[in-house]
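Peer 1:
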Amino acid sequence: MNRKFIYPLVIILVTVAFYYTEDFLDENNSEEVRSEISVLSKNTSAEIENFYLPAATGEIIKHKFYTLSYSEENEQASWVAYKLTKSHLSKNNFKRPYFNEDKLVKTKSADWRNYKNSGYDRGHLCPAGDRIFSLEAYTETFLTSNISPQDREFNAGIWNRLEQKVRSWTKKYDSVYIFTGGVLRKNLKTIGSEKVTVPEEFFKIILHVSDSGYKTISFVIPNKKSSESFYKYAVSIDEIEAKTGIDFFPKLPDSIENVLENTIELKSWRKK
DNA sequence: CTGTGTTGC
DNA sequence: GCAACACAG
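Right under this line is the structure:
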C-alpha cells in the first residue's frame with residue numbers, strides 16, 4: 001500500500017472520530033466526570049482502592065493484587081475487586097498451589113477442607129488465570145477468602161466463558177475493573193463444618209474507564225450448568241445491588257452512578 | 001482455561 | 001501435607 005495515501009487518511013479518520021465521540025458522549029459524561037478521570041489517570045496504583053471499590057459489607061482485605069470484603073457469616077467474600085490490564089495477560093505455566101487460609105482475615109477465612117467431597121468446586125472469584133503475570137500474584141489467588149462453592153459445570157462452563165470474554169475485553173480496552181462474587185442471601189445451603197454458604201447465583205461487573213467516560217456491563221448467572229450465552233444474563237447494576245445489598249461505585253457522583261447503574265448497554269460490548 | 005481424584009511417602 | 005500424574009468439561 002502507498003503510505004503517502006494512508007497517513008493523511010488515518011489522520012482524518014482519527015480527527016473525525018475524536019470530534020464525533022466528543023459530541024456523542026456529552027450526554028452522560030459531564031465535565032465533572034472528565035476532571036475526575038483526569039485526576040485518576042495520574043494516580044494508577046491507588047485508584048481502585050480509593051475510588052472504585054464497592055462499599056464495605058464486612059472486613060475489607062487489601063491484598064497486593066486484589067481487594068475483597070469478607071463475610072464471616074458466609075465464610076467467603078461478598079465481593080472481590082481487581083484491575084485487569086493488557087500487560088497482565090502474559091503466559092506462564094505455574095503449578096497449581098494448595099489453598100491457604102487468608103491470614104489477613106481476622107475472623108479466619110474458611111478451611112479448604114470444607115469443600116472437600118462437598119460436590120462443589122473451589123471456584124476462584126479473582127481467577128488464577130487473571131493473575132498469571134507473576135508467581136506471587138498467581139499464588140495470592142489461592143486463598144480461601146477468594147473462593148466460593150461453585151457447581152462444577154457452571155465453573156468450567158458459562159462462568160469460565162465469561163472470564164475468557166473479560167480477558168478479550170481487556171485486550172480490546174487495555175484495562176478494566178472487575179467486581180465479582182456470589183449472591184449471598186439468607187438460608188442458603190451450606191457445606192463443611194464451617195458452614196460455607198453455597199450461592200445460587202454469581203454476579204460480575206466489568207467497568208472500563210477512559211478519557212471519554214465510563215462503560216459497564218454486568219451479569220447475574222445461576223450457579224448451575226448452562227449452555228446459554230452469558231449475554232442472556234446481562235442485568236443492570238441496580239439489579240445486582242437489589243439482590244446483594246452491595247452499594248457499587250459509592251464515590252461516583254450520583255448523576256453518573258445512576259446512569260451507569262440503571263442501564264444495560266450490550267451493543268458496544270458485543271460488537272467485535 | 002476451569003478444576004478433581006488417586007497413589008504413595 | 002505434598003508431589004506426581006491421570007483425567008474431565
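In terms of UniProt numbering, the first sequence is numbered consecutively and its last residue is 272.
Glycine included, each C-beta is placed from N, C-alpha and C at the ideal position.
#1: If you draw a straight line from the alpha carbon of Y120 to that of V166, how long is it in whole angstroms?
#2: Roughly how many whole angstroms lie between the Cα atoms of F99 and C126?
#3: Which partner residues of I60 appear in the DSSP bridge assignment?
#4: What is the DSSP secondary structure of D254, counted as helix, strand or coil?
#5: How is F51 classed by DSSP in three states: helix, strand or coil?
#6: Is it the case that the Cβ atoms of S236 and N262 are separated by a distance below 7 Å?
#7: Would you say the beta carbon of E194 is closer than 6 Å to some non-hydrogen atom of the ligand ZN?
#8: For T170, which option in T57, A56, W269, E59 has the closest C-alpha, if you only look at C-alpha atoms?
#9: Going residue by residue through the segment 207 to 248, where are the continuous beta strand (DSSP E) segments of at least 3 residues, counting only ones entirely within it?
#10: Leaving out the 5 sequence neighbours to the left and right, which residues in its chain are closer than 6 Å to P250 when beta-carbon positions are compared?
#11: Between F154 and N74, is the Cβ-Cβ spacing less than 7 Å?
#12: Span of the beta strand (DSSP E) holding V176?
#13: In this structure, does DSSP put K123 in helix, strand or coil?
Peer 2: Quick answer:
#1: As a working note, residue 120 is residue 120 in the first sequence. As a working note, residue 166 is residue 166 in the first sequence. Going from the Cα of Y120 to the Cα of V166 covers about 24 Å.
#2: Along the first sequence, read from residue 1 onward, the residue named residue 99 stands at position 99. Along the first sequence, read from residue 1 onward, the residue named residue 126 stands at position 126. Roughly 14 Å separates the two Cα atoms.
#3: Against the first sequence, residue 60 aligns to sequence position 60. DSSP lists S69 as partners of I60.
#4: Here the question's residue 254 lines up with position 254 in the first sequence. Helix at D254.
#5: Taking the first sequence and counting its residues from 1, the one referred to as residue 51 is at position 51. F51 falls in the helix class under three-state DSSP.
#6: Taking the first residue of the first sequence as 1, we reach residue 236 at position 236. Taking the first residue of the first sequence as 1, we reach residue 262 at position 262. For S236 and N262, yes; Cβs fall inside 7 Å.
#7: The model on display carries no ligand, and the ligand ZN is accordingly not part of it.
#8: Numbered from 1 along the first sequence, position 170 holds the residue referred to as residue 170. Minimum Cα distance to T170 is reached at W269.
#9: 213 to 222
#10: Translated into positions along the first sequence, residue 250 becomes position 250. Correct list, in chain order: A55.
#11: Within the first sequence, numbered from 1, the residue matching residue 154 stands at position 154. Within the first sequence, numbered from 1, the residue matching residue 74 stands at position 74. For F154 and N74, no; Cβs fall outside 7 Å.
#12: Working through the first sequence from its first residue, we reach residue 176 at position 176. Taken as a continuous stretch (DSSP letters only), the beta strand (DSSP E) holding V176 covers 175 to 182.
#13: Along the first sequence, read from residue 1 onward, the residue named residue 123 stands at position 123. According to the sequence provided, residue 123 is Gly. The question's Lys does not apply to it. Here G123 sits in strand by DSSP.
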